[in-house]
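Below is one structure, written out as structure tokens; comments come after it.
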Amino acid sequence: MKDPILELQSHHHNALYLVVAIVMIFLTMILALQPLYLSQVLGLARENAGFVNANIQVITELVDLLFVGYLGYISDRIGRIPLIVYGFLLAGVTALVAPFDKEIGAVLGLNALVIFYVVRVLMSLGGTLIWPQVATLTGDYTKPEDRPLLLANVGFMMAFGVTLVYAVFMQLPELIGVTITMWLAALFALTGAWLAKKWLVETAQPKMVDQSFPFREVWLLVKKEQGLRLSFLSAFTSRNDMVIVGLFLMTWFIYFADLVEQTTHEQAASRAGLVIGLLGLVVLISIPIWGRVTKHVGRIPAVAIGLLISGIGFATMGLILNPFSWWILVPIVIIGIGQAGCVLVPQTLALDLAPEEIRGSVLGVFNTVGCFGVIFFLQVGGILFDWLGPTMPFIFTGVVNFALFGYSLIVMNKGQNRRPAVPDEYNLSF
Numbered sequence: 058m059k060d061p062i063l064e065l066q067s068h069h070h071n072a073l074y075l076v077v078a079i080v081m082i083f084l085t086m087i088l089a090l091q092p093l094y095l096s097q098v099l100g101l102a103r104e105n106a107g108f109v110n111a112n113i114q115v116i117t118e119l120v121d122l123l124f125v126g127y128l129g130y131i132s133d134r135i136g137r138i139p140l141i142v143y144g145f146l147l148a149g150v151t152a153l154v155a156p157f158d159k160e161i162g163a164v165l166g167l168n169a170l171v172i173f174y175v176v177r178v179l180m181s182l183g184g185t186l187i188w189p190q191v192a193t194l195t196g197d198y199t200k201p202e203d204r205p206l207l208l209a210n211v212g213f214m215m216a217f218g219v220t221l222v223y224a225v226f227m228q229l230p231e232l233i234g235v236t237i238t239m240w241l242a243a244l245f246a247l248t249g250a251w252l253a254k255k256w257l258v259e260t261a262q263p264k265m266v267d268q269s270f271p272f273r274e275v276w277l278l279v280k281k282e283q284g285l286r287l288s289f290l291s292a293f294t295s296r297n298d299m300v301i302v303g304l305f306l307m308t309w310f311i312y313f314a315d316l317v318e319q320t321t322h323e324q325a326a327s328r329a330g331l332v333i334g335l336l337g338l339v340v341l342i343s344i345p346i347w348g349r350v351t352k353h354v355g356r357i358p359a360v361a362i363g364l365l366i367s368g369i370g371f372a373t374m375g376l377i378l379n380p381f382s383w384w385i386l387v388p389i390v391i392i393g394i395g396q397a398g399c400v401l402v403p404q405t406l407a408l409d410l411a412p413e414e415i416r417g418s419v420l421g422v423f424n425t426v427g428c429f430g431v432i433f434f435l436q437v438g439g440i441l442f443d444w445l446g447p448t449m450p451f452i453f454t455g456v457v458n459f460a461l462f463g464y465s466l467i468v469m470n471k472g473q474n475r476r477p478a479v480p481d482e483y484n485l486s487f
């Protein structure tokens, strides 16, 4: 028997913001620790670093891809919160087990790297149970007229979690080691499970009674709403941006340290953490501004602006030869400004265009497209990293962002997808 739907109070918003920060802390810590763990604990060589790090991430995304769309549909049937709680529990338990991959491998007669692959997939699957449902719950907690600003608050907490990891927690491996730092990530996940169970509430009564995913309804909606197609394409390019930066920049610093005298991998990871932490800080500062920009110029123009700025930032990374040079901060700042818009606005647009009764399913497709994007950019980026150099994954991402910026201009010029219910929110021209 389901609990009754409760009225939304201000402390429920605060609990949602805290859950967002916690899930981002966990997911970011695991991603940031991965190159260092593979290098220091498992002894992964430089010549395979780009491919293996990208390959692990691609496999996790492939597994996520199998579930993320269906989980959105399940959330329409049973609610968001149970999935969030179980996701945190799965993520926390597997993060506790992760540092024992050598011992587990010895018992099972398997390579430790294989065990890490499995554990890493389970951690990512836990995140897949959490993050899409948090995004959908944000839509449940808002209305179209206040959605940009409230989503900006959620985005602020997301950026806060990322910034905290790179600026603070990625300094810990040098002090307390990789293992204890990973256990700290597990503690955050388990805390998130308790917080979600105790303080989050459902505000939308599940209405779906069908036993199958509403493919036809979602497909017809995508065909009808060009803005939704733009939001999906933006998810394809933008969801991978922080993964690209976090994974490949961290990997670049760690292995470039071999060319720098008296610089250890831990010190390089700490330096990379500060740089990526700056990126998170820029996103943190920019997101409230993007919330107001979105409200005043419209969703689609805001998407276009974000894609353009992000493309410029990623392309400018091609000018950097030494990641330890302070010049790297210039493209990092530009990427941060653009990334804030690319993360916030497409999701706002998708939530606006998704009917309440299939909101979770639409967001499931939105996140499925994002998974495809992560897989594509990681796989291509890993090959480019090893074959052509560490800046090539960033340049490639910039080129794709420029292409999608062109498409967003076409959408604006066609002037489609105006919503009478919220006419001021869908300005299609500057």
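What the sequence shown shows, in the numbering used here, is residues 58 to 487, in sequence order. Here a beta-carbon is modelled for each residue, glycine too, at the ideal position from N, C-alpha and C.
CB-CB length for residue i against residue j, believed under 8 angstroms
i      : j      : result
ALA250 : LEU179 : With 8 angstroms as the limit, ALA250 and LEU179 do not qualify as a contact, their Cβ atoms being about 15 angstroms apart.
PHE226 : LEU341 : So it is not a contact: roughly 16 angstroms between Cβ atoms.
SER327 : ALA407 : Incorrect: roughly 37 angstroms between the Cβ atoms, too far for contact.
LEU122 : PHE423 : Actually they are not in contact, since the Cβ atoms of LEU122 and PHE423 sit about 13 angstroms apart, beyond 8 angstroms.
ILE141 : LEU186 : 7 angstroms
PHE451 : PHE371 : 5 angstroms
ALA192 : LEU365 : With a Cβ gap of about 24 angstroms, ALA192 and LEU365 do not count as contacting.
GLN190 : ARG137 : 4 angstroms
GLY363 : VAL402 : 6 angstroms
GLY184 : VAL80  : 7 angstroms
PRO139 : THR308 : Actually they are not in contact, since the Cβ atoms of PRO139 and THR308 sit about 36 angstroms apart, beyond 8 angstroms.
ALA89  : GLY303 : 6 angstroms
VAL76  : LEU252 : 6 angstroms
SER465 : ALA361 : 4 angstroms
ILE432 : GLU118 : 5 angstroms
THR527 : LEU208 : Examination of residue 527 is not possible in this model, given that the chain is present from 58 through 487 alone.
GLN175 : GLY162 : Checking the sequence shown, residue 175 turns out to be Val, not Gln. Contact doesn't hold; Cβ gap of about 10 angstroms is too wide.
GLU323 : ILE415 : Not a contact, Cβ separation roughly 48 angstroms.
GLY455 : ALA111 : The pair is not a contact, with the Cβ atoms about 18 angstroms apart (cut-off 8 angstroms).
THR373 : VAL125 : 32 angstroms between Cβ atoms; not a contact.
Which of helix, strand or coil DSSP assigns to residue i
i      : result
THR320 : coil
ASN379 : coil
GLU231 : helix
ASP448 : The amino acid at residue 448 is misidentified as Asp; the sequence shows Thr. Coil, per DSSP.
THR260 : coil
GLY100 : coil
VAL120 : helix
VAL225 : coil
PRO490 : Residue 490 is absent from the structure shown; the chain starts at 58 and stops at 487.
PRO345 : helix
GLN436 : helix
GLY166 : coil
PRO271 : coil
GLN114 : helix
GLY463 : helix
ASN71  : helix
ARG476 : Note that ARG476 has pLDDT 43, beneath the 50 cutoff, so the model's placement of it is unreliable and no number is given.
VAL468 : helix
ASP481 : Note that ASP481 has pLDDT 43, beneath the 50 cutoff, so the model's placement of it is unreliable and the number below is only indicative. Helix.
ASP60  : Because ASP60 sits at a pLDDT of 44, beneath the cut-off of 50, its placement in the model cannot be relied upon, and the following sentence gives the value as read from the coordinates. If DSSP states are grouped into helix, strand and coil, ASP60 belongs with coil.
Residue i - containing alpha helix (DSSP H), residue span
i      : result
LEU406 : 386-410
GLY368 : 356-373
GLN283 : 283-295
ALA148 : 138-154
ILE311 : 307-313
Within-7 angstroms CB hit, residue i to chain D
i      : result
GLN283 : Considering every chain present, this structure includes no chain D. It has just one protein chain.
> Residue ranges of each alpha helix (DSSP H) run of no fewer than 4 residues wholly in the region 168-214, ordered along the chain?
Replying inline: With a minimum length of 4 residues, the continuous alpha helix (DSSP H) runs that stay inside the region 168-214 are 169-197.
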